[in-house]
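Q:
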Amino acid sequence: MHLWLQVLVNGILQGGILGISALAFSLQWGVMNLINLAHGTFQVLAAYLTVLILQHLGLDPLLAVPLVFIIFFLGGYLVQFFLINRVISTNLFMTLLLTYGMDFVLANLMILFFTADYKSINTPYANSSWQLFGLQFPIVRSVALLFLIVLSVLLWLFLEYSRPGRAIRATSMGTEPARLMGLKIPHVYALTFALSSGLAATGGVFFGLSNAFSPASGGPLTVGAFVVTILGGVGTSWGPLVGGLILGVLDAVGSVIFGPTYVNVITFGLLLVILVLRPNGVLGRAG
Amino acid sequence: MKRQRNMFLAACVLLLALCIPPLTNDYIVQVGTEMAMYAALAGGWNLIGGLTGYPSFGNVAFFGLGAMLAGALSVNAHWPYWLAAIASVLGTGVFALLLGLPLLRLKGHYFSIATLALAQATLAVVTNTKFLGGGMGMSLPIVGSPGIFYYVMLSIAVLSALITYLLIHSEYGNTLLAIKSDEVAAQAVGINTVLAKSSAFALSGLLGAMAGVVYAIWQSYIDPPTVFEPSITVLMLVMTMMGGAGTVAGPILGAVLIGILTQLAMAVSQNASSLVLGLGIIAVVLFLPKGIMGSRRSGKGGKRRGKNTFPLRG
Amino acid sequence: MLKPRKLAKALGASAVALTLILSGCGTATTSNNTSSTAGTITIGAPVAATGSLANEGKLVHDGYTLWENVVNKQGGLLVDGKRYKVNINFQDDQSVATNSASLTEKMYTQDNIRLFLSPYASGNIFSATTVAEKHKVPMISGGGGAKSIFTRDYKYVFSAYPYSGDYLGSVLDLLKTQGVKTLAFLHADDVFSKEADQGGEDYAKSHGFDVVYSAQYPSNASDLTSQLTQIAQKAPDALIGTGHFQEAVLLVKEAKQMNVNFKSIAFTVGPTMPSFPQTLGKDAEGILGASLWTPDLPYKDDIFGTSKEYADLYKQTFGVNPDYHSAMASAAAELMGLAVQKAGSPDPQKVRDALAGLGTVHLFDGDFTIEANGSISGLKLPVVQIQDGKAVTVWPGSFSQNFKDFPLPAWNKR
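Okay, structure coming up:
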């Protein structure tokens, strides 16, 4: 009994890590129909940035989150405005190609600047946990889940009630009506990418706290975000949370029942079944 | 007239390609073999992704399954390789056909993610199946010469281009185009879209498996992480988009261009060749945003303006 | 539908470009190549500088380079009474196996290189060695030792690495002396990890250990907490992890988070690399690593001197301490040098025969014998333990005096 409770907790907490990584991916996809293949590498870059901040400014990674968020927000705005916007109106797949190229460039620039050595964000609490009812709650994972919940709420409030948020939502329904409403689409897109870059970076900090990483670690993160986004439904504020929890719990329970080597069979097999039965995700409208 | 000139050109290019082994050296033949392999793979992707408008992210599943199945049948079941190859290609084709039926009900990005899941699940199953090498990979005997593999890969690439050409200029091609531009309307006028889509997917799988079985014996060692590498799918897509989706020559052009870029990058830089490759891809996207051939057959699926597929809900 | 003129231009241009560019860079590189005529022996090495293997690729690259530097500083390789400069031609395979093969082909065909050192990682070695075997030129592995590389009856493939399945023997011998009885094994699903784990489990069972848990996880796993929870229920004395660096770090982090304690923890990959203690801080203390070489070993040779001197020179050249990846690569390069000297010429066939006939050699990394299939045997593998942030040799023989922290203190007592 205790085993299963702990496994359930493990799954839920892994869901937090997975979900926080998918927030940005889901937003870009939902608003701009943009699948960002450089998503995972953005997160790895954020993890490196956090290491630098910790080393040079001595700022705790969790306190550094706002700073990392702002840096990525600004960087993301520029990348979208000057690079992605140039092709986003031409063809759906050209943006895919562009982000593929960006992924290559970013990952290899990181090798040049940070070497290919493995790093990890090391703080006293990174490997510690809280104990409750005889169950272990790793601090970083628990905080990640809290962050994910708070960010999901904030994102929902922002999109629902703020002016720029409503502009983003209007644009996601179609660029023509948005233009007629007097919105400057390139800026709305840039704002969206800026926001999602900041969110991606936040996820990157937690990834760096819970894993060792090298410049090549981005690929699996992108695939993970892809899966979580679909499970939760594209373009919803709650999707990443729901998708993350489902995937996390499923992996944890499945890996204990069938052995960890079958985790991917379970994850992707189930994903196929869900997609065929409910093509718009668990939260989405039925197929 | 136009058609004749195209034919003439195609013949010239083919003749040039045929002359590569006797006129150049083994290295260029090796690179040529890889380009031909990717041209075949991208051509296969083009059938489902370019012509039909179903952006598959999992075509590497067919390549990988083809390679591993052929390897296992020849190494573990001691079949002669030609027989193992045929069985593997047919088996993979059936696999694609059967999985296409449920998967092709999905649209757009949902189809993408489903095919990505398909590839990952296939990789996981192969890794856990003892008969298929169980993650240890398989060694095949060294046979043939570089020239032979080049010609075989080239034939598959030509076959893939030929299939695309015949499809485009047939009733069936119009069906696929109809599916791409408006599937509901196509169904309304009585087109059996399920059959059309599934057979395009199966053809795509057949071509992938063919490239896979030749790759296995050409490289003489295969293991699941290498032959199921997700970036192989991404390359098929990148090459097709770069050359021009939905065209006959697009995938070939893309494969040749990426092939040259890769080799150039490795020649120019010893420690940052991937960086050069990435910059090259970005440059192509910025300066040729419609692909080299232009996206002439693009239906609604390829356009971004207008209404979005996923209205954002708070 | 298709615009014929555009098609024509594009196809024609790319075909011309293909031939021009490829033959173009071919002549460019060949003209630089002055092998044998000007007294230079060129050795090709398709080693990853970018991509997912860039980290270990760099270590292998530096290992090869150090040999090149030292030999040239000593005036070159003395072959048949004449001094030859050595030159290692590195090419970045971008961590992609097919590139390892095509670059080997390129160096053979266009650069006229006839001697090769391998890339890093078993998959890439498989691809590259196939090309070497086809052209009947020797390639020595300085980047991995999967047994299946050597069960193919190849005649031109040699190695400086022991079989992956032998890695864990020394660790288990050490644990045996401490009275460890029950073991849990966790391993990744790639060739190297599977071979190493299988070898380790077989050795454990035949040496009186009790394997109470064994599981395989997919490479790049990002969460193993539930496996640790399961293992905790079996309460084994020691955890043996066989996977990649990031998974070793993940297991330590999560073992602490889940408060799962062991008397001992050992990994095949991880603890030997300087980034392991850097990454984990004091949580890395006391953890064992199966190693292939350490600077403390009592071996020496004419090129590098003692193991210690090798390590000092490496540190002086590259600014970091070497781990076994670099040492093994240097040993592979050294084997190539020995073979060329014994053959009396850089002729590939003669070098191949010399390699096959080297028998037992004594290098700075140890004494070992070249087997008929090209692999090596007899290398005594050391074990390291992280002590005060450094990897200290604690096995074999009298090094065991250095061994401490047994049983490992509980995570919350650190």
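Going down the list, the protein sequences come from chains A, B and C.
The opening residue of the first sequence carries number 1 in my numbering; numbering runs sequentially from there.
The opening residue of the second sequence carries number 1001 in my numbering; numbering runs sequentially from there.
The opening residue of the third sequence carries number 2001 in my numbering; numbering runs sequentially from there.
All residues carry an ideal CB built from backbone N, CA and C; glycine is no exception.
1) Would you list, in chain order, the members of the region 1056-1082 of chain B that have their beta-carbon closer than 9 angstroms to a beta-carbon of chain A?
2) Taking only the alpha-carbon atoms, compute the straight-line gap between leucine 2059 of chain C and tyrosine 2310 of chain C and give it to the nearest angstrom.
3) Whose CA, out of C/Gly2200, C/Lys2282, C/Ile2088, C/Pro2348, lies closest to the CA of alanine 2413 of chain C?
4) Got a sec: is the Cβ-Cβ distance from alanine 1011 of chain B to anything in chain C below 8 angstroms?
5) Can you pull the DSSP bridge partners for histidine 2046 of chain C?
6) With a threshold of 8 angstroms on Cβ separation, who are the neighbours of phenylalanine 2192 of chain C within its own chain once the five nearest residues in sequence on each side are excluded?
7) Does asparagine 33 of chain A have its Cβ less than 8 angstroms from a Cβ in chain C?
8) Given that a residue counts as buried once 16 or more other Cβ atoms are within 10 Å of its Cβ, and exposed if not, what is aspartate 2367 of chain C?
9) So what does methionine 1138 of chain B bridge to, in DSSP terms?
10) Can you tell me which of the three DSSP states glycine 2289 of chain C falls into?
11) List in chain order: all unbroken beta strand (DSSP E) runs of 3+ residues lying wholly within the region 2198-2260 of chain C.
12) Could you list which residues in chain C have their beta carbon closer than 7 angstroms to that of isoleucine 111 of chain A, in chain order?
13) Please return the same chain residues whose Cβ sits closer than 6 angstroms to the Cβ of serine 2095 of chain C, not counting the five positions on each side in sequence.
14) Taking only beta-carbon positions, decide if glutamate 1171 of chain B is within less than 8 angstroms of chain C.
15) Tell me phenylalanine 213 of chain A's beta-bridge partners as DSSP assigns them.
16) In the structure shown, what three-state DSSP assignment does proline 2382 of chain C receive?
17) Is there at least one Cβ from chain C nearer than 8 angstroms to aspartate 103 of chain A's Cβ?
18) Near serine 9 of chain A, what residues of its chain come up, given a Cβ to Cβ distance below 6 angstroms and the 5 sequence neighbours on each side ignored?
19) Check distances from the C-beta atoms of the region 113-129 of chain A to those of chain C and list, in chain order, the residues that come in under 8 angstroms.
20) Contact defined as beta carbons within less than 8 angstroms: I believe leucine 2077 of chain C pairs with isoleucine 2041 of chain C. What is the distance between those atoms, to the nearest angstrom?
21) Compare the C-beta of glutamate 269 of chain A against all C-beta atoms of chain B and say whether one is closer than 8 angstroms.
22) What residues from chain A crowd round alanine 1114 of chain B, counting only those whose CB sits closer than 8 angstroms?
23) Taking C-beta pairs closer than 8 angstroms, name the residues in chain C that phenylalanine 73 of chain A reaches, listed in chain order.
24) Does the beta-carbon distance from threonine 2369 of chain C to glycine 2357 of chain C come in below 8 angstroms?
25) Are the region 2209-2218 of chain C and the region 2170-2185 of chain C touching by the rule of at least three beta carbon pairs closer than 8 angstroms?
26) Just the chain A side, please: which residues come within less than 9 angstroms of asparagine 2220 of chain C by C-beta, in chain order?
27) Quick one: which chain C residues come within Cβ less than 8 angstroms of asparagine 1174 of chain B?
28) If you measure from the beta carbon of leucine 2103 of chain C to each beta carbon in chain B, is any gap under 8 angstroms?
29) Which residues, taken in chain order from the region 242-269 of chain A, show a beta carbon closer than 7 angstroms to some beta carbon of chain B?
30) By a C-beta neighbour count over all protein chains shown, 10 Å radius and 16 as the cutoff for buried, is histidine 2244 of chain C buried or exposed?
31) So, is histidine 56 of chain A buried or exposed, given that buried needs 16 or more other C-beta atoms within 10 angstroms?
32) Using a Cβ-Cβ distance under 8 angstroms, would isoleucine 1282 of chain B count as near chain A?
33) Roughly how many angstroms lie between the CA atoms of phenylalanine 1095 of chain B and serine 1160 of chain B, to the nearest whole one?
34) In the region 1179-1243 of chain B, which residue ranges form an unbroken alpha helix (DSSP H) of at least 4 residues, counting only runs that do not cross its ends?
35) With methionine 181 of chain A and alanine 170 of chain A assumed to form a contact (beta carbons below 8 angstroms), what rounded beta-carbon distance in angstroms separates them?
36) What ranges does the alpha helix (DSSP H) occupy inside the region 2329-2366 of chain C, keeping only unbroken runs of at least 4 residues that lie completely in it?
A: The answer reads as follows:
1) Within the region 1056-1082 of chain B, the qualifying residues are Phe1057.
2) 14 angstroms
3) At residue 2413 of chain C the sequence reads lysine, which differs from the alanine that was named. Distance from the Cα of lysine 2413 of chain C is smallest, within the candidate group C/Gly2200, C/Lys2282, C/Ile2088, C/Pro2348, for C/Lys2282.
4) no
5) Correcting the residue identity first, residue 2046 of chain C is proline in this sequence and not histidine. C/Gln2091, per the DSSP bridge assignment.
6) Ala2121, Ser2122, Gly2144, Ala2146, Ser2164
7) No, asparagine 33 of chain A lies away from the interface with chain C (no Cβ there is under 8 angstroms from its Cβ).
8) exposed
9) B/Ile1222
10) strand
11) Whole beta strand (DSSP E) segments, 3+ residues: 2210-2217, 2238-2242.
12) Thr2050, Ala2054
13) Ala2048, Gly2051, Ser2052, Leu2053
14) no
15) A/Lys119
16) coil
17) no
18) It should be pointed out that residue 9 of chain A corresponds to valine in this sequence rather than to serine. Counting only Cβ-Cβ distances below 6 angstroms, and skipping sequence neighbours, we find Leu135.
19) Hits within the stretch, in order: Thr115, Ala116, Asp117, Tyr118, Lys119, Ser120, Asn122, Ala126, Asn127, Ser128, Ser129.
20) With a Cβ gap of about 6 angstroms, leucine 2077 of chain C and isoleucine 2041 of chain C count as contacting.
21) Position check: residue 269 of chain A holds glycine in this sequence, whereas glutamate was assumed. With 8 angstroms as the cut-off, glycine 269 of chain A counts as an interface residue toward chain B.
22) Leu271, Leu272, Leu275, Val276
23) Neighbours of phenylalanine 73 of chain A on chain C: none; closest Cβ ~26 angstroms, over 8 angstroms.
24) no
25) Three or more beta-carbon pairs separated by less than 8 angstroms link the region 2209-2218 of chain C to the region 2170-2185 of chain C, which places the two stretches in contact.
26) Ser217, Gly219, Pro220
27) In chain order: nothing, as chain C lies at least about 11 angstroms away.
28) With 8 angstroms as the cut-off, leucine 2103 of chain C counts as an interface residue toward chain B.
29) Thr261, Tyr262, Asn264, Val265, Phe268, Gly269
30) It is buried - the Cβ of histidine 2244 of chain C has at least 16 other Cβ atoms within 10 Å.
31) Histidine 56 of chain A should be labelled exposed.
32) yes
33) 19 angstroms
34) 1183-1188, 1193-1219, 1224-1227, 1230-1243
35) 6 angstroms
36) 2348-2356
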